[in-house]
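To keep things clear, I will list the structure first and then write my remarks on it.
2 protein chains.
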Amino acid sequence: MGDDTTHSSQNTDPWRGRYADRAAGMVASEVRALFAVASRPEIVSLAGGMPAVGALPLEEVGDMMAGLVRDRGAEALQYGSAQGDASLRESITEVMAREGIDADPDDVIVTVGSQQALDLVTRIFVDPGDTVLTEAPTYVTALGVFAAYQARIEHVPMDEHGVVPEALDEHLTRLAAAGRRAKLFYTVPTFSNPAGVTLAAERRPRVLEICRRHGVLVLEDNPYGLLHLDAGPTRALRADDPEGVVYLGSFSKTLAPGLRVGWACAPAAVRAKLVLAAESAMLSHSAFAQLAVDRYLRTQPWDEQLKEFREMYRTRRDAMLDALSATMPPGVTWTRPAGGFFVWLTLPEGLDAKAMLPRAVGARVAYVPGTGFYADGSGTANMRLSYCFPPAERIRDGVRRLADVVGTELSLRDTFGRAPASAPDQGPQTPAPDLA
Amino acid sequence: MGDDTTHSSQNTDPWRGRYADRAAGMVASEVRALFAVASRPEIVSLAGGMPAVGALPLEEVGDMMAGLVRDRGAEALQYGSAQGDASLRESITEVMAREGIDADPDDVIVTVGSQQALDLVTRIFVDPGDTVLTEAPTYVTALGVFAAYQARIEHVPMDEHGVVPEALDEHLTRLAAAGRRAKLFYTVPTFSNPAGVTLAAERRPRVLEICRRHGVLVLEDNPYGLLHLDAGPTRALRADDPEGVVYLGSFSKTLAPGLRVGWACAPAAVRAKLVLAAESAMLSHSAFAQLAVDRYLRTQPWDEQLKEFREMYRTRRDAMLDALSATMPPGVTWTRPAGGFFVWLTLPEGLDAKAMLPRAVGARVAYVPGTGFYADGSGTANMRLSYCFPPAERIRDGVRRLADVVGTELSLRDTFGRAPASAPDQGPQTPAPDLA
Numbered sequence: 028m029g030d031d032t033t034h035s036s037q038n039t040d041p042w043r044g045r046y047a048d049r050a051a052g053m054v055a056s057e058v059r060a061l062f063a064v065a066s067r068p069e070i071v072s073l074a075g076g077m078p079a080v081g082a083l084p085l086e087e088v089g090d091m092m093a094g095l096v097r098d099r100g101a102e103a104l105q106y107g108s109a110q111g112d113a114s115l116r117e118s119i120t121e122v123m124a125r126e127g128i129d130a131d132p133d134d135v136i137v138t139v140g141s142q143q144a145l146d147l148v149t150r151i152f153v154d155p156g157d158t159v160l161t162e163a164p165t166y167v168t169a170l171g172v173f174a175a176y177q178a179r180i181e182h183v184p185m186d187e188h189g190v191v192p193e194a195l196d197e198h199l200t201r202l203a204a205a206g207r208r209a210k211l212f213y214t215v216p217t218f219s220n221p222a223g224v225t226l227a228a229e230r231r232p233r234v235l236e237i238c239r240r241h242g243v244l245v246l247e248d249n250p251y252g253l254l255h256l257d258a259g260p261t262r263a264l265r266a267d268d269p270e271g272v273v274y275l276g277s278f279s280k281t282l283a284p285g286l287r288v289g290w291a292c293a294p295a296a297v298r299a300k301l302v303l304a305a306e307s308a309m310l311s312h313s314a315f316a317q318l319a320v321d322r323y324l325r326t327q328p329w330d331e332q333l334k335e336f337r338e339m340y341r342t343r344r345d346a347m348l349d350a351l352s353a354t355m356p357p358g359v360t361w362t363r364p365a366g367g368f369f370v371w372l373t374l375p376e377g378l379d380a381k382a383m384l385p386r387a388v389g390a391r392v393a394y395v396p397g398t399g400f401y402a403d404g405s406g407t408a409n410m411r412l413s414y415c416f417p418p419a420e421r422i423r424d425g426v427r428r429l430a431d432v433v434g435t436e437l438s439l440r441d442t443f444g445r446a447p448a449s450a451p452d453q454g455p456q457t458p459a460p461d462l463a
Numbered sequence: 028m029g030d031d032t033t034h035s036s037q038n039t040d041p042w043r044g045r046y047a048d049r050a051a052g053m054v055a056s057e058v059r060a061l062f063a064v065a066s067r068p069e070i071v072s073l074a075g076g077m078p079a080v081g082a083l084p085l086e087e088v089g090d091m092m093a094g095l096v097r098d099r100g101a102e103a104l105q106y107g108s109a110q111g112d113a114s115l116r117e118s119i120t121e122v123m124a125r126e127g128i129d130a131d132p133d134d135v136i137v138t139v140g141s142q143q144a145l146d147l148v149t150r151i152f153v154d155p156g157d158t159v160l161t162e163a164p165t166y167v168t169a170l171g172v173f174a175a176y177q178a179r180i181e182h183v184p185m186d187e188h189g190v191v192p193e194a195l196d197e198h199l200t201r202l203a204a205a206g207r208r209a210k211l212f213y214t215v216p217t218f219s220n221p222a223g224v225t226l227a228a229e230r231r232p233r234v235l236e237i238c239r240r241h242g243v244l245v246l247e248d249n250p251y252g253l254l255h256l257d258a259g260p261t262r263a264l265r266a267d268d269p270e271g272v273v274y275l276g277s278f279s280k281t282l283a284p285g286l287r288v289g290w291a292c293a294p295a296a297v298r299a300k301l302v303l304a305a306e307s308a309m310l311s312h313s314a315f316a317q318l319a320v321d322r323y324l325r326t327q328p329w330d331e332q333l334k335e336f337r338e339m340y341r342t343r344r345d346a347m348l349d350a351l352s353a354t355m356p357p358g359v360t361w362t363r364p365a366g367g368f369f370v371w372l373t374l375p376e377g378l379d380a381k382a383m384l385p386r387a388v389g390a391r392v393a394y395v396p397g398t399g400f401y402a403d404g405s406g407t408a409n410m411r412l413s414y415c416f417p418p419a420e421r422i423r424d425g426v427r428r429l430a431d432v433v434g435t436e437l438s439l440r441d442t443f444g445r446a447p448a449s450a451p452d453q454g455p456q457t458p459a460p461d462l463a
């Protein structure tokens, strides 16, 4: 069936009008088509959040997998438990201990990336119309999940030290006065996606206290915590409130996303419900993927690998920050991440990042416009720049091209009063996976 | 954290009263604890639906995976597309062609087992209160999915030739008269789980015609189709109605469940929505698992392997049917499957399969009681017996032990008028994954 047929089938969808209400909240990103173009080799993509898995020792990883099938194939190729492999869950508690978390393997459920954990937590907590609070800007596909469960998404502002506790408290107080209460407060407190900022240590107990006082569960999403580029690891929110926080972790950034191994660490009763939801969603995660990750952690030099990843990402981050300083016109500002993958850039007054994107792609550089990271239409002046995937030299080229595009936009603005406008914002959308 | 702490946490769940309504439909199976006991080596388990993956050539599979990481590691360990790997989707169309399906790779989405496809189809179609029709008895975890999406589950009876078309038509007509319409008709038409029966060829066009006339989407779940033990493959429902059927397939039974690779083949507009739902649920499936299955299909003697699986399962099925004939007391009846994994057994009047289970486990044999395969409390006299996992000699031992237990129950019934009653039925429940 060719493209034409597909389109004509969609136009005459025999099941139109038969879908669930929640399907209306599932909308493809309008920039998806553009990113298909942006994957051309001549374009420097500062858009994707893909980790640099090419740096893994592939020969050793392959041998390890062969050994796993040879030694334990009947187990690795069979169904497993819905909660996940016990030995891997033990290893996961040791990973979390690096961020101050004292958890039992029974507190952990293994999921298909932390994305599935996000889906399952939302599934067991959020009825249509329930309020979910997030810091903003925030992870675009989290907004997609909340929208798919028909949540009412509201935002709390953040600054360069993470979410603003006073604003969080005020928002929850305002909700209570209106007879409402948020089910979840979603945050990426460490090296956030997309803002590249980290919740300050002194704010962390305040955020926990505020959420506890208002009876709101904290959903702490922490895929980047071990990719700290300046200081050591940050103490997780979960470390100081085991009953008030569901913590989401992932091996996608610290090992490889292609195995899809993430997890949730949750209070006992919540964890029990997550296991039932996971059984319904997929029976069990891949035993092979779980045993492979566990074997990697137990037999390979993961700490050396993490160190190598950190050095690589530090070089790339520094390349990006240096290039931004060297080339961006006055009035452009950006965050200085101490870890993770992302820089959040703010354009001067009158410039629109989404409207500018086609021109940037024409100049052979791509980024993610800021509006996707908000549910309320904010972010028109913002963009997310990733330094995780391209080598430093490519990053410098990309930033230089981007600076030229911004410079041209500024001239247009100064000549015509305003750069060309963008399409109206569509709210949270499902991005192409490599943009997440 | 020990068991005691876990239980006390559950008793004082701080998030009680905060869960979504749908979480109330997620209930653990009451026989789960019993099956933990049943996994002891001295007990013959005729309960689980685990395929015999030990029969795979583990050395070759391991080498193949090592080669995959070595040759294409940067791709296999990276994020993939939410629809799934294009080469695997092409291979899947060739697998489906064996059952008469003429599909394009673009019609296919790869999922975490066909279980996730079932979840995603329900997610995009079923609002709370919507009616889902299933044949009965039916796959227990499908009932769990429909319950988790708060569907109203109704049953259509089946006989030894599968679902009864007249009953299906009457049921849909009755719904229409009441101003209602089912969203889905769920069926396992070939070698059904748990009934072990196959929808007769002459009924297939009638079922399709009835569903088309009533505007109901057919959800054809077909994990066992290529495990035909007597004749060749059966023509799939999807083969004759590409716009009216969503077909679910899986490599869990024909290769290995531990990679969690299944799929849905759907009309174009439905498939597009499934891809958006999958992105929200997990970003993308494991690239590694997908490339591994595709490489297996393209480089290993899968047809030889299937032939070997069929011979093994045929031997085991015959052992079970022979032992049932040789040992079961009069009044016990059972189905004679032409493929798949399961025999469905009916006890004589007055016997209750759930009440009998603890005594069977005491006699070192386990099965799945029938009530879990219905949403309406039916099935008290039934049990599902699996012949897929234990070797033939163990199956014969298990059936002999079971026949003794049934004989003792019959004596009790004849002495006291009725065997001891079971607990009241709890409706659809989430089983332990190895029972699914």
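Keeping their order, the protein sequence lines are chains Z and F.
Those letters in the first sequence? Residues 28 to 463, by this note's numbering.
Those letters in the second sequence? Residues 28 to 463, by this note's numbering.
Just so you know, even glycine gets a beta-carbon here, dropped at the ideal spot from N, CA and C.
Proximal residues to residue i (C-beta, below 6 Å), its chain only, five neighbours per side dropped
i      : result
F/I128 : A263, R265, A266
F/M53  : A175
F/M185 : E162
Z/A450 : Confidence is the limiting factor: at Z/A450 the pLDDT is only 47, short of 50, which leaves the residue's position unreliable, though a coordinate-based value still follows. There are no such residues.
Z/V272 : V245, E247, L264, R265
Straight-line gap, residue i to residue j (C-alpha atoms, nearest Å)
i      : j      : result
Z/P294 : Z/G111 : 16 Å
F/P41  : Z/E270 : 7 Å
F/E247 : F/V395 : 23 Å
Z/G285 : F/G100 : 9 Å
Z/E181 : Z/L160 : 5 Å
Z/L244 : Z/A299 : 16 Å
F/R325 : Z/E236 : 57 Å
F/Y46  : F/E102 : 39 Å
Z/A65  : Z/V224 : 26 Å
Z/V80  : Z/E126 : 23 Å
F/V191 : Z/R411 : 57 Å
Z/H255 : F/L282 : 41 Å
Z/G358 : Z/N249 : 31 Å
Z/T373 : F/A50  : 41 Å
F/A178 : F/R239 : 21 Å
Three-state secondary structure (DSSP) of residue i
i      : result
F/V224 : coil
Z/R287 : coil
F/V370 : strand
Z/S277 : strand
Z/T165 : coil
F/M91  : helix
F/H34  : Reliability fails at F/H34, whose pLDDT of 41 lies under 50, so the model's placement of it is uncertain and the value that follows must be treated cautiously. F/H34 falls in the helix class under three-state DSSP.
F/R265 : helix
Z/G156 : coil
F/I136 : strand
F/P375 : coil
Z/S141 : helix
Z/T407 : coil
Extent of the continuous alpha helix (DSSP H) to which residue i belongs
i      : result
F/K210 : Taken as a continuous stretch (DSSP letters only), F/K210 belongs to no alpha helix (DSSP H), being part of the beta strand (DSSP E) at 209-214.
F/S118 : 113-124
F/E236 : 231-241
Residue range of the unbroken beta strand (DSSP E) whose run includes residue i
i      : result
Z/P184 : 179-186
Sequence-distant residues of the same chain with beta carbon closer than 7 Å to residue i, five excluded per side
i      : result
F/L199 : A209, I237, H241, V243
Z/G406 : P164, G397, T398, F400
Residues of its chain near residue i, where Cβ-Cβ distance is below 8 Å and the 5 sequence neighbours each way are ignored
i      : result
F/A319 : M91, M92, L95, A103, L286
Does the segment 365-385 of chain F come into contact with the segment 406-422 of chain F, if we say contact requires no fewer than three beta-carbon pairs (one atom in each stretch) closer than 8 Å? yes
Closer than 8 Å is the cut-off here; do at least three beta carbon pairs connect the segment 129-139 of chain F with the segment 298-318 of chain F? yes
Does the segment 342-355 of chain F come close enough to the segment 229-238 of chain F to have 3 or more Cβ pairs within less than 8 Å? Too few Cβ pairs lie closer than 8 Å, so no.
Check whether the segment 71-86 of chain Z and the segment 420-437 of chain Z are in contact - that is, three or more C-beta pairs closer than 8 Å. yes
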